[in-house]
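Quick notes on the structure that follows.
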Amino acid sequence: MSSATTLVTLDVNGNEAQVPAALHDTMLTVLRDGLQLTAAKRGCNQGVCGACTISIDGVPMRACLSLAHACEHAEVRTLEGLQGGREMRALQAAFARSGAFQCGFCTAGMLVAAHALLQRDPAPDEQAVRKALSGNLCRCTGYVKIIEAVQHAARSLQPEGVAS
Ligand code: FES
Ligand code: FES
1 MSSATTLVTL
11 DVNGNEAQVP
21 AALHDTMLTV
31 LRDGLQLTAA
41 KRGCNQGVCG
51 ACTISIDGVP
61 MRACLSLAHA
71 CEHAEVRTLE
81 GLQGGREMRA
91 LQAAFARSGA
101 FQCGFCTAGM
111 LVAAHALLQR
121 DPAPDEQAVR
131 KALSGNLCRC
141 TGYVKIIEAV
151 QHAARSLQPE
161 GVAS
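Here the sequence shown is numbered in this note's numbering, starting from 1 and rising by one per residue.
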């Protein structure tokens, strides 16, 4: 079986990056080991936990299941690249205010998934938040504070700026 490594050209957080990658290397490997972007976490490494969630063309995806060579020509965004934006700032503030994390291992993936939700639905109800985060597992919080935090962030971004 060939494991030839070739350069893959990626758009990561708005920057062009050329990274050596074997055909079987995933975005998680390339981000963490090649580009030292470590916000996306290696949890299960088999598509179950969501800790590795990144945005690919605006859609939250499992970095551990996304082949790097398949991501050429795509817009790859990680938490590092999203965190200057308005929605992400609101989400991070709400997570901190609500105590929506304990160990924090799931948090980057949760934030990226929640960010994608707010981009397509600025005022999600509880069910919409639950559905958007249903692929992201948390062993610590029981989810209630995470869901509340996403809704608080959404409200804080509304024109009237209702922050609870
Ligand atoms: S590390 Fe990718 S889904 Fe768990
Ligand atoms: S805060 Fe520990 S896994 Fe979510």
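Just so you know, even glycine gets a beta-carbon here, dropped at the ideal spot from N, CA and C. Every value quoted in this text rests on a predicted model; they were computed, and no experiment measured them.
Distance between residue j and residue i (C-alpha atoms, nearest Å)
i	j	result
Gly84	Glu72	24 Å
Leu118	Arg86	11 Å
Pro60	His115	9 Å
Ile147	Ser55	20 Å
Val12	Asp125	31 Å
Cys138	Leu157	25 Å
Leu35	Gly43	18 Å
Gln102	Lys131	22 Å
Leu91	Gln151	9 Å
Thr141	Val19	36 Å
Ala51	Val8	24 Å
DSSP three-state assignment for residue i, whether helix, strand or coil
i	result
Arg77	strand
Ala154	helix
Ser55	strand
Thr141	coil
Gln46	coil
Glu160	coil
Thr5	strand
Ala165	Only positions 1 to 164 of the chain appear in this structure, which leaves residue 165 out of reach.
Buried or exposed (CB count within 10 angstroms, at least 16 for buried), residue i
i	result
Leu10	buried
Asn136	buried
His24	exposed
Arg32	buried
Thr26	buried
Assumed close pair residue i, residue j - CB separation to whole angstroms, cut-off 8 Å
i	j	result
Ala40	Leu28	6 Å
Leu133	Ala108	Rounded, the Cβ-Cβ distance is 13 Å, inconsistent with contact.
Contact test: residue i Cβ vs ligand 3 heavy atom, cutoff 7 Å
i	result
Phe95	Looking at this structure, you won't find ligand 3 anywhere; what it does contain is ligand 1 and ligand 2.
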